[in-house]
Amino acid sequence: MQLTTASLFTLSLAGGAFAASEPGEGVTVTPIFPSIAEERFRGEIAMAGLKELGYNVEEPKETEYAALMLALSYGDADFSVHPWEVLHDSFYQKAGGDETMIQAGSIIPGVLQGYLIDKKTADAYDIRSLEDLKKPEIARLFDTNGDGKADLTGCNPGWGCELVINHHMKAYGLEDHVNNNQGSYFALMADTIARYQAGQPVLYFTWVPQWIAGVLVEGKDVEWLEVPFTSLPGGNEGVNTMHEGKNLGFAIDRVMAVMNREFAEENPVAKTFLSQVQITTADESAQNLKMQDGEKSVEDIKRHAQEWITANRGKFDGWLEQARAVAN
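Structure representation (structure tokens):
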């Protein structure tokens, strides 16, 4: 087939339009995620957008948060949508902080952490504060091994929350009254939920967004415990720990998109897109509950992300449009 000058011009325009719609073409991106499957959903949404922008997105590396920050700092990975702004700030600063990384945007605002007990026990014994566990008769209610101490289902080492819990145990004088049980968090929580379903008192740490909030519902099944005063390992200055009139003892936090600084500066399209991405705590908790109900393979999570994108296509396309505008 012979192409006319007009045909070539038309094809050239079409090719230019195609290239403009994929400004990331030819650039490889390496994500890095924590090893918590329940947190992959937001990462799949971010990766899907970068792929639509033309980037070659590799399968994510997985590690714990401190190592994750180091990988971003050294350029062994390009971005993550998982670090918490306040909770993981010490990891961020120790790995190089703003000199080597950039916090591009807030992926999930209003994330919570804290201690909860079942509402039935809270109401029956008027337990409202973590400090109530200093009373032997109260601690014994949550004693699962017969040593007289309350048993708290705690947080995995390496997640960052364990540092706050350990600090709280000392700051509030609870070391002689509470066992902070650490191990495989979700296995421990399965036992905690089983005890609750058997009508026994439960005491545990958790965070929102998370599927547990859909199984043990605040205000219906469980209640947040207040702390007697704010005390955080990195200091309290400028940190808000209040949620609906209760001092939870943990920062009301934000999950951030964190990027290697050099990659971000060289790829403003990716930076602009990741700065826009945002999902709600309710959306991630709902997706996590699907995982708890059996839809927990990587393929399931990828499908959940695509379903979310379809349901939020207008907003998602707006993020892509803003990113593409940077390339023009």
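Numbered by mature numbering (1 follows the signal peptide of the UniProt record, and there is no 0), the letters in the sequence shown go through residues -19 to -1, 1 to 309 in order.
Positions of the beta carbon are idealized from the N, C-alpha and C atoms, including for glycine.
Cross-strand partners of residue i (DSSP beta bridge)
| i | result |
| --- | --- |
| LEU93 | VAL189 |
| PRO12 | PHE60 |
| ASP234 | VAL92 |
| GLN84 | VAL239 |
| SER110 | GLU207 |
| MET223 | ASN228 |
| TRP65 | VAL236 |
| ASN37 | THR9 |
Cα-Cα separation between residue i and residue j, rounded to whole angstroms
| i | j | result |
| --- | --- | --- |
| LEU133 | ILE290 | 38 Å |
| PHE297 | HIS224 | 30 Å |
| ILE174 | LEU197 | 8 Å |
| TRP300 | VAL62 | 15 Å |
| ALA308 | ASP59 | 19 Å |
| GLU288 | PHE231 | 32 Å |
| GLY164 | LEU184 | 16 Å |
| PRO182 | ILE146 | 20 Å |
| LEU206 | LEU122 | 15 Å |
| GLY135 | LEU31 | 36 Å |
| VAL239 | LEU114 | 38 Å |
| GLY226 | LEU270 | 27 Å |
| GLU80 | LEU34 | 27 Å |
| PHE254 | ALA292 | 18 Å |
| GLU276 | ILE282 | 8 Å |
| TYR166 | GLU247 | 39 Å |
Local Cβ density within 10 Å of residue i, reported as buried at 16 or more and exposed below that
| i | result |
| --- | --- |
| PHE244 | buried |
| TYR73 | buried |
| ASP104 | exposed |
| ARG294 | exposed |
Do the region 259 to 277 and the region 41 to 60 touch if we need at least three Cβ pairs shorter than 8 Å? Because the criterion of three Cβ pairs below 8 Å is not met, the region 259 to 277 and the region 41 to 60 do not touch.
Given 8 Å as the limit, is there contact between the region 93 to 102 and the region 200 to 207, that is, 3 or more CB pairs closer than that? With the rule of 3 Cβ pairs closer than 8 Å, the region 93 to 102 counts as touching the region 200 to 207.
Review point. Does the pairing of the region 65 to 78 with the region 232 to 241 give three or more beta-carbon distances under 8 Å?
Key: Enough Cβ pairs lie closer than 8 Å, so yes.
With a cut-off of 8 Å, do at least 3 Cβ pairs link the region 8 to 19 to the region 30 to 42? The answer is yes - the region 30 to 42 touches the region 8 to 19, with three or more Cβ pairs under 8 Å.
field: Meets three-Cβ-pair contact criterion under 8 Å: the region 205 to 218 and the region 13 to 26
entry: No, because fewer than three Cβ pairs between the region 205 to 218 and the region 13 to 26 fall closer than 8 Å, the two stretches do not touch.
Any chance the region 120 to 127 sits against the region 81 to 90, with 3 or more Cβ pairs inside 8 Å? A contact between stretches requires three or more CB pairs, one per stretch, nearer than 8 Å, and the region 120 to 127 fails this requirement with the region 81 to 90.
key: beta strand (DSSP E) segments (min. 3 residues) lying fully within the region 232 to 297   = Fully enclosed beta strand (DSSP E) runs of 3 or longer: 234 to 241.
Complete beta strand (DSSP E) runs within the region 127 to 181 (minimum length 3 residues, chain order):
If we require 3 residues or more, the beta strand (DSSP E) runs fully inside the region 127 to 181 come out as 131 to 134, 159 to 162.
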